[in-house]
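Protein chains: 2
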Amino acid sequence: MNELTIDLKTDSKVPLYEQIYEYIRGDIRKGYLKSGDRLPSTRALSKHLEISRSTVELAYEQLESEGYIESMPYRGFFVSQIEDLYELKDIRPQKAAVQQKKPHQYLYDFTLNGVDLKSFPYSIWRKISKEILLNDQAELFRLGDSQGEYGLRKAICNYLHQARGVNCEPEQIIVGAGNDYLLMMLGSILGSESRIAVENPTYKRAYRIFDNMSFRVRTIEMDQSGMNVEKLRDSGCNVAFVMPSHQYPLGIVMPIKRRMELLHWAEETEDRYIIEDDYDSEFRYKGKPIPSLQGVDADGKVVYMGTFSKSIAPAIRMSYMVLPFPLLQEYARKFRFLHSTVSKIDQLVVEQFMEEGYYERHLNKMRALYKNRHDVLLNCLKQWKDYFSISGENAGVHLLLHLKNGMSEEEFMEAAKKKEIHVYGLSEYYITIPTKKYQPTILLGYANMDEGKIKKAVEVLGTVFSNE
Amino acid sequence: MNELTIDLKTDSKVPLYEQIYEYIRGDIRKGYLKSGDRLPSTRALSKHLEISRSTVELAYEQLESEGYIESMPYRGFFVSQIEDLYELKDIRPQKAAVQQKKPHQYLYDFTLNGVDLKSFPYSIWRKISKEILLNDQAELFRLGDSQGEYGLRKAICNYLHQARGVNCEPEQIIVGAGNDYLLMMLGSILGSESRIAVENPTYKRAYRIFDNMSFRVRTIEMDQSGMNVEKLRDSGCNVAFVMPSHQYPLGIVMPIKRRMELLHWAEETEDRYIIEDDYDSEFRYKGKPIPSLQGVDADGKVVYMGTFSKSIAPAIRMSYMVLPFPLLQEYARKFRFLHSTVSKIDQLVVEQFMEEGYYERHLNKMRALYKNRHDVLLNCLKQWKDYFSISGENAGVHLLLHLKNGMSEEEFMEAAKKKEIHVYGLSEYYITIPTKKYQPTILLGYANMDEGKIKKAVEVLGTVFSNE
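Protein sequences, first through last, are from chains A and B.
No gaps in the numbering here: position 361 of the first sequence is 361 in my numbering, and each next residue is one more.
So the number in my numbering is just where the residue sits in the second sequence, counting from 1, plus 1000.
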């Protein structure tokens, strides 16, 4: 076979060499051209097709570099010995992707993950972004520090020291693209042999991340002060994941005594650590924020984690953790080589946002806003107070209603759903439902509902409480 | 003890209630106030200090919520029973953080990780960012799709289909904050039982990530076509990590025959997968880019990975992977709940950058720019061609010099360093140095050096080759 009659389209967008390449590749794939078949010489083919020889050469080079043909010195080009190649299956689009079911849209949603975005300082954010983008430009797009930009870490450090009583240096801070990512990294730093204790109920994302990473995760019983340290000791775990400032979802503040007990537990052996997730400590409505557990840790036993997702905006994918010295060394050994997961521009925007005092102002504004919603919600609920008791109401952006109206959580949620209100059952937050008598409890988040909506929603909820 | 003489500073920035709180907390910590001690009543203390009663109440409430004191109905406030609390150690700043040694600054650096940033279309980027920030604002800062914004995934999908022959739907794409993160996630999707095969030499970051995640990682021998499939089969691994378009660092293009062999291997059992890292396929200087391995995979065996770090800018922390159907299901089961690691604004900027044709134009511009540097480098090297042979020069942004001047890699690198030139030894990229005879090989990256610098640097290198 020495002639290839290719119907070249000179008016096509596809270059001529590519048309030749595709034609020959197709013939090889379909088995029309067989292993060992000789191709026409570049000169013969170019003459035959009335095109330049370099065009044919380019097509042959492409076929050769992809392994379809081979050149043999002084003999020409031959189809490669490609076993099974002509059996190339039809590539059909893969099966329809996993369907994501569209969730029911409620009229009122007491979601616990809401953040009020109407109050976001858009114009300031835009102004800072604009300024940053006018800076030294090549530098902006060059790879940054793997731990996060030093200036940002310094700003975070100052904030943590002043607002949270955290005792750290910028060198101990790792900035990452969200808590999920940092928990994954922290898991790897702690090592696959770690046995992780979580409260029950707890922040389920953390539990799932550790579980997905194949860690042994144990749930530890709680009392009204938080994680039971005796049970923790009995569990054989060496890492305790806790939220001392405001337990999620119970809203418990861990008292100083329990904190000290927990620290003592950690000090007993070298491999023990406490992960302090300080996810929404910024919002407290009575007195000042509860200082961090990390701030009373003298032995480098606490990993402190915080996030801008609650305090600035969820779409700002930026969290940070403060590593104690031994874990920082392990981080350096294992992960210093990793690139930062946060874009440099975003880091510089947040740094400036903090340094120019906008962050503090924003937090104060949000605290006042949430406090107002909190007060309105509590006030509206008063009317129905015989049907439940309230807890967890001094901080954060949600509270708990312990039902006394004889309804189960499911019944209550179902009845609320019929009236287009989304409320959340506490049992959803348990890893294992406790065997002891369990009081049906409903969670109401109010960050993303304005006062008017809260009033209306509670009015409707009232008919659910009283089973009208 | 019924009186507390607190020296209140009315002109201080610290609120009065906080001064009282800190004074009492300090006394408890230091052991001056002991467990069971009764505090003055709020009325008595407010009278004594001549301040309002509500101020004292606020201080007591704070102390109570942190667990330092307890209120007993009709009896008053008492210091809590806090074991060991007065032993609270001095919190000293933790040991100086891990020192990062400042690397030597060379005059000329043939780094393999360079990206030319002078050619980045800053003004277009700024324009798009500005437009995006003027859009529906709350939506911008609300949590987005965990896989990445659908519009961006669609744009990536179109690009991959056209430019790389990848056969996929937007539903199969996961956008993440860099390859490192996606590899970590992919590792967890594949499961901790996976045994991962990498080429030797290989992209060491990938090896280290898998190794840090405690996977069993094996290195597989290579020949001139890439990973040896027989050795792969013998290794007992079920996941193969390869770079078929342009092996890093050897620059090998995997021929179609080897690709088919690799796919056949993967099809043999259900748990086998191939990870195709297509890290710099955009840059090819002869003919058109080599199509992806994923594009000839009919059985859903290939995970395709790509990144914008090389093609746009390193500080844009954005990569993507295309999951075959079975792994997509596993992703949905394990990780659909994770939040995206890339900020929504960045995603929208890149989406628009792609959709308005800027990405294609940018790639063409960079390809031309790098080709020029590539040509200049090859041309300059010609003069010294007796001292080495060249390989891997048809694509990517680096090439290999196999030394024939009798020097070892270390000797060559050391001699170059004395002349302020940073070159890289191939042995750095081996996980285990092969036992067979090893030819000293130097890697030269040219993405981040302009033509003038390349000329000067090669001139100096000449004296190293010839040992002058």
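Where is the CB? At the ideal position from N, CA and C, for every residue including glycine.
I need the straight-line Cα distance from residue i to residue j, nearest angstrom please.
{"i": "residue 1368 (chain B)", "j": "residue 1216 (chain B)", "result": "41 Å"}
{"i": "residue 1295 (chain B)", "j": "residue 1195 (chain B)", "result": "24 Å"}
{"i": "residue 460 (chain A)", "j": "residue 378 (chain A)", "result": "15 Å"}
{"i": "residue 362 (chain A)", "j": "residue 1443 (chain B)", "result": "51 Å"}
{"i": "residue 1190 (chain B)", "j": "residue 21 (chain A)", "result": "37 Å"}
{"i": "residue 202 (chain A)", "j": "residue 184 (chain A)", "result": "17 Å"}
{"i": "residue 1227 (chain B)", "j": "residue 1427 (chain B)", "result": "18 Å"}
{"i": "residue 429 (chain A)", "j": "residue 248 (chain A)", "result": "9 Å"}
{"i": "residue 270 (chain A)", "j": "residue 170 (chain A)", "result": "24 Å"}
{"i": "residue 449 (chain A)", "j": "residue 115 (chain A)", "result": "9 Å"}
{"i": "residue 1425 (chain B)", "j": "residue 1209 (chain B)", "result": "22 Å"}
{"i": "residue 1300 (chain B)", "j": "residue 1264 (chain B)", "result": "12 Å"}
{"i": "residue 371 (chain A)", "j": "residue 1151 (chain B)", "result": "37 Å"}
{"i": "residue 192 (chain A)", "j": "residue 343 (chain A)", "result": "29 Å"}
In chain order, what residues of the same chain have a beta carbon less than 7 Å from the beta carbon of residue i, not counting five sequence neighbours either side?
{"i": "residue 71 (chain A)", "result": "64, 77"}
{"i": "residue 1166 (chain B)", "result": "1160, 1292, 1294, 1295, 1304, 1322"}
{"i": "residue 86 (chain A)", "result": "Unreliable positioning characterises residue 86 (chain A) in this predicted model, as indicated by a pLDDT of 44, which lies under 50. A coordinate reading is not provided."}
{"i": "residue 1348 (chain B)", "result": "1132, 1149"}
{"i": "residue 413 (chain A)", "result": "423, 425"}
{"i": "residue 1286 (chain B)", "result": "1394"}
Could you have a look at residue i and say whether DSSP puts it in helix, strand or coil?
{"i": "residue 462 (chain A)", "result": "helix"}
{"i": "residue 1214 (chain B)", "result": "coil"}
{"i": "residue 1469 (chain B)", "result": "Outside the shown range of chain B (1001 to 1468) lies residue 1469 (chain B), about which nothing can therefore be said."}
{"i": "residue 1222 (chain B)", "result": "strand"}
{"i": "residue 1451 (chain B)", "result": "helix"}
{"i": "residue 320 (chain A)", "result": "strand"}
{"i": "residue 1145 (chain B)", "result": "coil"}
{"i": "residue 312 (chain A)", "result": "coil"}
{"i": "residue 1284 (chain B)", "result": "strand"}
{"i": "residue 1066 (chain B)", "result": "coil"}
{"i": "residue 97 (chain A)", "result": "Below a pLDDT of 50, predicted positions are generally treated as unreliable, and residue 97 (chain A), at 49, falls in that range; the measurement from the model is reported next regardless. DSSP places residue 97 (chain A) in coil when its eight states are reduced to three."}
{"i": "residue 1078 (chain B)", "result": "strand"}
{"i": "residue 1054 (chain B)", "result": "helix"}
{"i": "residue 290 (chain A)", "result": "coil"}
{"i": "residue 333 (chain A)", "result": "helix"}
{"i": "residue 1009 (chain B)", "result": "coil"}
Taking residue i as the reference, give the member of the options with the closest Cα.
{"i": "residue 1434 (chain B)", "options": "B:1221, B:1275, B:1263, B:1130", "result": "B:1221"}
{"i": "residue 1339 (chain B)", "options": "B:1144, B:1082, B:1317", "result": "B:1144"}
{"i": "residue 17 (chain A)", "options": "A:29, A:28, A:47, A:57", "result": "A:57"}
{"i": "residue 316 (chain A)", "options": "A:125, A:34, A:104, A:81", "result": "A:125"}
{"i": "residue 1010 (chain B)", "options": "B:1154, B:1037, B:1051, B:1436", "result": "B:1051"}
{"i": "residue 1288 (chain B)", "options": "B:1164, B:1106, B:1431, B:1113", "result": "B:1164"}
{"i": "residue 1256 (chain B)", "options": "A:62, A:242, A:7, A:5", "result": "A:62"}
{"i": "residue 1200 (chain B)", "options": "B:1432, B:1107, B:1037", "result": "B:1432"}
{"i": "residue 1354 (chain B)", "options": "B:1019, B:1033, B:1121, B:1045", "result": "B:1121"}
{"i": "residue 1452 (chain B)", "options": "B:1040, B:1074, B:1107", "result": "B:1107"}
{"i": "residue 1238 (chain B)", "options": "B:1258, B:1059, B:1268", "result": "B:1268"}
{"i": "residue 1241 (chain B)", "options": "B:1278, B:1234, B:1251", "result": "B:1278"}
{"i": "residue 1103 (chain B)", "options": "B:1454, B:1123, B:1417, B:1463", "result": "B:1417"}
{"i": "residue 1445 (chain B)", "options": "B:1224, B:1457, B:1118", "result": "B:1457"}
Which residue or residues does DSSP assign as beta-bridge partners of residue i?
{"i": "residue 1240 (chain B)", "result": "B:1197, B:1274"}
{"i": "residue 1443 (chain B)", "result": "B:1400, B:1424"}
{"i": "residue 1305 (chain B)", "result": "B:1277, B:1321"}
{"i": "residue 395 (chain A)", "result": "A:284"}
{"i": "residue 1390 (chain B)", "result": "B:1401"}
{"i": "residue 994 (chain B)", "result": "Not covered by the structure: residue 994 (chain B). The range shown for chain B is 1001 to 1468."}
{"i": "residue 174 (chain A)", "result": "A:321"}
{"i": "residue 1108 (chain B)", "result": "B:1421"}
{"i": "residue 71 (chain A)", "result": "A:77"}
Ignore the nearest five residues each way along the sequence and tell me which others in residue i's own chain have a CB closer than 8 Å to its CB.
{"i": "residue 1319 (chain B)", "result": "1175, 1176, 1177, 1178, 1179, 1181, 1182, 1305, 1306, 1307, 1308, 1309"}
{"i": "residue 290 (chain A)", "result": "244, 245, 246, 253, 281, 284, 395"}
{"i": "residue 1389 (chain B)", "result": "1401, 1402, 1404"}
{"i": "residue 467 (chain A)", "result": "405, 407, 415"}
{"i": "residue 68 (chain A)", "result": "24, 25, 28, 79, 80, 82"}
{"i": "residue 273 (chain A)", "result": "190, 238, 239, 240, 266, 301, 302, 303, 324, 327"}
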